[in-house]
Amino acid sequence: GAGVSQSPRYKVAKRGQDVALRCDPISGHVSLFWYQQALGQGPEFLTYFQNEAQLDKSGLPSDRFFAERPEGSVSTLKIQRTQQEDSAVYLCASSLEGGHSNQPQHFGDGTRLSIL
Amino acid sequence: DAKTTQPNSMESNEEEPVHLPCNHSTISGTDYIHWYRQLPSQGPEYVIHGLTSNVNNRMASLAIAEDRKSSTLILHRATLRDAAVYYCTETLNSGGSNYKLTFGKGTLLTVNP
Numbered sequence: 001g002a003g004v005s006q007s008p009r010y011k012v013a014k015r016g017q018d019v020a021l022r023c024d025p026i027s028g029h030v031s032l033f034w035y036q037q038a039l040g041q042g043p044e045f046l047t048y049f050q051n052e053a054q055l056d057k058s059g060l061p062s063d064r065f066f067a068e069r070p071e072g073s074v075s076t077l078k079i080q081r082t083q084q085e086d087s088a089v090y091l092c093a094s095s096l097e098g099g100h101s102n103q104p105q106h107f108g109d110g111t112r113l114s115i116l
Numbered sequence: 117d118a119k120t121t122q123p124n125s126m127e128s129n130e131e132e133p134v135h136l137p138c139n140h141s142t143i144s145g146t147d148y149i150h151w152y153r154q155l156p157s158q159g160p161e162y163v164i165h166g167l168t169s170n171v172n173n174r175m176a177s178l179a180i181a182e183d184r185k186s187s188t189l190i191l192h193r194a195t196l197r198d199a200a201v202y203y204c205t206e207t208l209n210s211g212g213s214n215y216k217l218t219f220g221k222g223t224l225l226t227v228n229p
């Protein structure tokens, strides 16, 4: 079956522009996660949804970052007034159920964001 | 947040076993240990996870220390396709039902032909 799909794969924006990154999780997956991965580092947690509810946004770096999942499936991560330090790979992951630490997460291939 | 500790890099020869170590000394009693691997320009791929007992699947084996403060991922016969960055992660309950993964820098595994 189809895995987690992210678009666009690459995004180049000028500093100060707004960007929107899309994630299509595996159909039927309850949990959805966003991670940020800087070059040479492991992914860092940004935010978590269980269905349409955003239960944890503790990893969002600033109020310029906003995520939504209005119908409990597709999710969008929006970054307003982008800055150079926002340049990174943004990864989306989904898992079948919510609330269980024994659930594997399935990752998309990410969106590589470059801010000029 | 709790972070795991792994060697920066390891090297193996094709067809030989590989043992990738990880320390997770601050793991709580109910959090699972997960392993993922990542190829360049791809997202992390799930490998295996466990709580207390050793685990086996088609990709690898996971040996967990009795005190749960360390674990070892075992690739029984390394192939060139196993060359990747391997992450040992903990699931961190940040309140409620969220079990986010906490990644370290991972181990870059090189497999020589």
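Protein sequence lines correspond, in order, to chains A and B. At position 12 of the first sequence (counting the first as 1) the number is 12 in the working numbering, and the numbers step up by one without a gap. To convert, take the position in the second sequence, counting from 1, and add 116; that gives the working numbering. Positions of the beta carbon are idealized from the N, C-alpha and C atoms, including for glycine. Just so you know, these numbers come straight off a predicted model, no measurement behind them.
Look at Leu155 of chain B here: in three-state DSSP terms it is coil, with no helix or strand label. In this model, Arg15 of chain A and Ala176 of chain B are separated by some 44 Å (Cα to Cα). Its chain contains Thr226 as the residues whose beta carbon lies nearer than 6 Å to that of Glu127 of chain B, once the 5 sequence neighbours on both sides are disregarded; these appear in chain order.
CA-to-CA, the gap between Thr188 of chain B and Val134 of chain B works out to about 10 Å. Under the Cβ criterion of 8 Å, Leu113 of chain A is not counted among the residues facing chain B.
Assigned with DSSP and collapsed to three states, Glu161 of chain B falls in strand. Taking C-beta atoms as the reference points, Ser125 of chain B and Leu224 of chain B count as a pair closer than 8 Å.
Under DSSP, Thr111 of chain A takes part in a beta bridge, and its partners are A:Tyr90.
CA-to-CA, the gap between Tyr162 of chain B and Leu96 of chain A works out to about 14 Å. Burial check for Ser186 of chain B: the Cβ neighbour count within 10 Å reaches 16 or more, so the residue is buried. The beta carbon of Lys119 of chain B lies closer than 7 Å to those of Thr218 and Gly220 in the same chain, with the five residues before and after it left out. Contact between His140 of chain B and Trp151 of chain B is absent: CB atoms are separated by about 11 Å, not below the 8 Å threshold.
For Ser75 of chain A, the closest C-alpha among the options A:Ala13, A:Val30 and A:Asp18 is that of A:Val30.
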